[in-house]
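Per our numbering, residue 38 is the first one in the sequence shown, and the count goes up by one each step. Using N, Cα and C, we set each Cβ at its ideal position, and we do this for glycine too. Heads up: the structure comes next, in C-alpha cells.
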Amino acid sequence: MEFITVETYEELSEKAASIIANQVISKPTSVLGLATGSSPVGTYKKLAELNKAGKLDFSKVTTVNLDEYVGLTADNDQSYRYFMNKNLFDNININKANTSVPNGCAADLESECKRYDKHIEDLGGIDLQLLGIGVDGHIGFNEPDSAFAKGTHVVTLDPSTIEANARFFASAADVPTNAVTMGNLPIMQAKKALLVANGANKYDILQKAFYGPITPYVPASILQLHPDITVIYSKN
Ligand code: F6R
C-alpha cells in the first residue's frame, strides 16, 4: 500500500488524475471503475482538462460506476448517472454507450445486480478502480456489516451516510434510503485501486481502515489486502 498525504485538494486531484491518465495512456482500452461524491470532482476536472488539451484520449475507455441510489432516474440531478455525465462524461471524448452505472430504477433489482456483475465479468474486470471513503468506512455503498459482500447488491444506507449525503439534497428526508452497490470482489480484483479522501473528518476513518484490524465493520479495511492500492489524502 502507498499512503500519500498532500497539502491541498488541488494537489490530491492532480496526483489522482495523473495516475488515471497514466493508466489510460498505457492501456487505451482500460476499464475504469469510477466513484461519485465530492472527493473525485477535482480529479474529474483535471482529466477533462487533459482531454481538452489533446493529451488524453477516452475514446476506447470503458467505465463502470460503483453505485446508484434506488429510485432516482438518470435525469434526476441527484442521481449518480447525472453526476457522472455532468462531472466527467459530458466533458471528455468517451462513448457514453461504454459507460455504466447500476440502474437504481430497475423493476427487478435482484436481476439488475446479477446483470451488473455479469457485465463487469464480461469486460474482463476492472483495470483501475477509483474510490472515495465514507465517514463510516464504506467503499461504494458497502456499509459496515457482519460480512464483506462479494457481488452487486441492494443496501440500506447507514444513518451516518444519509446524514453525510444530505448536503447534496434539500433535506436528509430527501436522501434515498437504499442504493445498489458493486460488491467487494470486483474492487479487490481490480488490477489497481486508488482511494482519494480529503477533509479532517476523514482522518480517523482512514487510520482505522488502513492501520487497524481488517473487519467488515470497517468495510474499507479489506483494501489492506489489495495488491496495488494507493491512498491519497489531503486535510483540506
Ligand atoms: C460514491 C461512493 C461513496 C463515496 C463516499 C465518500 O460513488 O462510492 O463511497 O466515495 O461516500 O463521499 P464523499 O467523497 O462525498 O465524501
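Beta bridge pairing from DSSP links residue 104 with 218. Judged by beta-carbon spacing, residue 165 lies within the 8 Å limit of residue 67, meaning their Cβ atoms are closer than that value.
Ranked by how close their Cα comes to the Cα of residue 233, the residues 49, 259, 104 have 49 in first place. Counting of Cβ neighbours within 10 angstroms places residue 151 among the exposed residues, the total staying below 16.
If you draw a straight line from the Cα of residue 202 to the Cα of residue 212, it comes to about 7 Å.
Under DSSP, residue 179 takes part in a beta bridge, and its partners are 176. Straight-line measurement puts the Cα of residue 209 at about 6 Å from the Cα of residue 199. Spatial neighbours of residue 184 in its own chain (CB-CB distance under 6 Å, excluding positions within 5 residues in sequence) are listed in chain order as 253. Residue 147 and residue 139 have their C-alpha atoms roughly 11 Å apart. A distance criterion of 7 Å places the beta-carbon of residue 117 in contact range of ligand 1, judged by its closest non-hydrogen atom. Between the alpha carbons of residue 168 and residue 207 lies a gap of roughly 25 Å. Closest in C-alpha terms to residue 227, from the list 88, 143, 162, comes 162. The Cβ neighbour count for residue 238, taken over all protein chains shown within 10 Å, is under 16; the residue is labelled exposed. Residue pairing for residue 99: DSSP places it in a beta bridge opposite 68.
Of 262, 197, 241, 246, the smallest CA-CA separation from residue 224 is found for 262.
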